[in-house]
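A.B. asks: Encoded as structure tokens, here's the structure I'll be asking about.
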Amino acid sequence: FHGIISREQADEILAGVEGAYILRESQRQPGCYTLALRFGNQTLNYRLFYDGKHFVGEKRFESIHDLVTDGLITLYIETKASEYISKMTTNPIYEHIGYATLLREKVSRRLSRTKNESRKASVTSEENTPVEKITSLVRRAALTQNDNHFNYEKAHNFKVHTFRGPHWCEYCANFMWGLIAQGVRCSDCGLNVHKQCSKYVPNDCQPDLKRIKRVYCCDLTTLVKAHNTQRPMVVDSCIREIEARGLKSEGLYRVSGFTEHIEDVKMAFDRDGDKADISASIYPDINIIAGALKLYFRDLPIPVITYDTYSKFIEAAKISNPDERLEAIHEVLMLLPAAHYETLRYLMIHLKK
């Protein structure tokens with residue numbers, strides 16, 4: 002730290018020493034601090050922030066040294082390979098290789114090694130691809146090829162991630178550089194890509210059951226794709242139980258069941274999934290099952306009627322002309338995500354009964 006000095010003084014101190022850096026307090030804005038870094042025969046100045054960790058952009062570092070090291074790596078890559086970086090997303094392996102190809106190659110390699118070790122000499126160039134680059138792709142390929150798979154579209158839930166050891170982008174197959182926060186990882190399926198590549202990844206997330214910790218409070222589309230079901234298991238199981246023994250019950254969906262028993266049902270679904278036992282021998286009061294179903298809908302992070310369509314439904318319902326109202330409601334229904342639409346359709350059929 003060199004105290005309050007000007008940009009010119011910082012430039013003189015760092016002149017001729019590539020990679021050197023100093024910290025200085027701004028003359029124009031006392032109390033604000035600047036990182037002066039020598040790179041490419043010029044001194045670069047970045048305003049420095051601290052909130053428990055040091056940062057100049059999105060990445061946060063334990064020490065200034067780590068911040069500078071990561072910054073130099075990024076500057077070098079962007080300077081020496083800017084044209085290449087700009088073209089990384091133009092020929093992605095994600096589209097050209099495809100899930101089915103990756104799956105066939107992996108299965109083929111396993112069979113080949115089992116039958117005859119001597120066949121290793123004929124391994125193709127794709128077979129040399131690091132396993133960690135294709136693991137999540139292969140897993141999704143297997144699920145995609147399942148005839149019973151419900152083809153609901155789901156966007157990936159990308160979050161900034163720090164990778165330990167060398168890692169490659171599963172979209173463009175290029176190296177993910179930097180010391181920390183080298184890219185993003187989908188918290189639902191585990192797909193690892195560059196942040197810039199994440200903008201081009203299609204909405205084809207296939208959630209991994211290992212990453213889905215619970216049933217309640219889980220995004221509806223995430224849940225049905227993870228379990229490969231048409232609707233959430235809670236909806237199917239509860240409605241099936243209610244229709245089997247509760248349609249003639251007075252006050253159904255109005256009379257509340259015991260809260261602690263409803264919580265027990267919730268915990269059973271979170272723990273056992275579709276194997277949860279909600280039969281009459283365990284929960285004789287049908288209001289408990291109805292309460293558990295209502296709780297599931299209340300706990301959804303995105304309601305069955307999504308936030309962005311709710312106002313459209315309200316406006317459609319206000320239309321006085323019956324034919325126009327019906328047409329408007331139909332148009333809004335088509336805006337719902339497929340899993341939400343199917344769940345709402347099933348619920349309406351049930352309520353009509």
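Oh and the sequence shown: position 209 is 210 in the working numbering, straight run, nothing missing. We treat Cβ as the ideally placed atom computed from N, Cα and C, and that holds for glycine. No experiment lies behind these values; they were computed from the predicted model shown.
Whole angstroms is fine: what's the gap from alanine 37's alpha carbon to tyrosine 22's?
C.D. replies: C-alpha separation (whole angstroms): 5 Å.
A.B. asks: In three-state DSSP terms, what is lysine 276?
C.D. replies: Reduced to three states, the DSSP call for lysine 276 is helix.
A.B. asks: Within the continuous beta strand (DSSP E) that includes threonine 222, where are the two ends?
C.D. replies: Threonine 222 -> not in any beta strand (DSSP E); alpha helix (DSSP H) instead, spanning 221 to 228.
A.B. asks: Out of Glu328, Leu352, Val305 and Glu325, state which residue places its alpha-carbon closest to the alpha-carbon of leucine 337.
C.D. replies: For the residues Glu328, Leu352, Val305 and Glu325, the minimum Cα distance to leucine 337 belongs to Val305.
A.B. asks: If we require 3 or more residues per run, which beta strand (DSSP E) segments fall completely within the stretch 34 to 104?
C.D. replies: Within the stretch 34 to 104, the complete beta strand (DSSP E) runs of at least 3 residues are 34 to 40 and 43 to 51.
A.B. asks: If you reduce the DSSP assignment to three classes, tell me which class aspartate 288 lands in.
C.D. replies: Note that residue 288 corresponds to asparagine in the displayed sequence, not to aspartate. If DSSP states are grouped into helix, strand and coil, asparagine 288 belongs with the helices.
A.B. asks: Report the rounded CA-to-CA distance for glutamate 79 versus alanine 227, giving the unit in angstroms.
C.D. replies: The alpha-carbon atoms of glutamate 79 and alanine 227 are separated by roughly 38 Å.
A.B. asks: Between the C-alpha atoms of cysteine 170 and proline 233, what's the straight-line distance to the nearest angstrom?
C.D. replies: Between cysteine 170 and proline 233, the C-alpha separation is close to 32 Å.
A.B. asks: If you reduce the DSSP assignment to three classes, tell me which class leucine 210 lands in.
C.D. replies: Leucine 210: helix per DSSP, three-state reduction.
A.B. asks: Okay, do the stretch 171 to 191 and the stretch 47 to 63 touch, 3+ Cβ pairs below 8 Å being the bar?
C.D. replies: Verdict: yes, contact present.
A.B. asks: Checking 7 Å against the spacing of the C-beta atoms, do alanine 317 and valine 333 come in under that value?
C.D. replies: Yes, these two residues count as a Cβ contact at 7 Å.
A.B. asks: Run the CB neighbour count on aspartate 309, radius 10 Å, all protein chains shown included, and call it buried at 16 or more, exposed below.
C.D. replies: Result: exposed.
A.B. asks: Let me know the secondary structure DSSP gives valine 194 once reduced to three states.
C.D. replies: Correct three-state label for valine 194: strand.
A.B. asks: Using a threshold of 7 Å, state whether the C-beta atoms of alanine 82 and leucine 221 are closer than that.
C.D. replies: It is not a contact, given that the beta carbons lie outside the stated cut-off.
A.B. asks: Measuring only between beta-carbons, confirm whether alanine 291 sits less than 7 Å from chain B.
C.D. replies: The chain inventory of the structure shown lacks chain B, comprising one protein chain alone.
A.B. asks: Taking the alpha-carbon of alanine 156 as reference, which of Phe270, Thr223 and Gly41 has the nearest alpha-carbon?
C.D. replies: Considering only alpha carbons, the answer is Thr223.
A.B. asks: Is it true that the stretch 192 to 199 meets the stretch 208 to 218, where meeting means three or more beta-carbon pairs spaced less than 8 Å apart?
C.D. replies: Contact fails: fewer than three Cβ-Cβ distances are below 8 Å.
A.B. asks: Could you give the distance in angstroms between the alpha-carbon of leucine 327 and the alpha-carbon of phenylalanine 259?
C.D. replies: Approximately 39 Å between the Cα atoms of the pair.
A.B. asks: Please report the straight-line C-alpha distance between serine 257 and asparagine 288, rounded to a whole angstrom.
C.D. replies: Straight-line Cα distance between these residues: approximately 6 Å.
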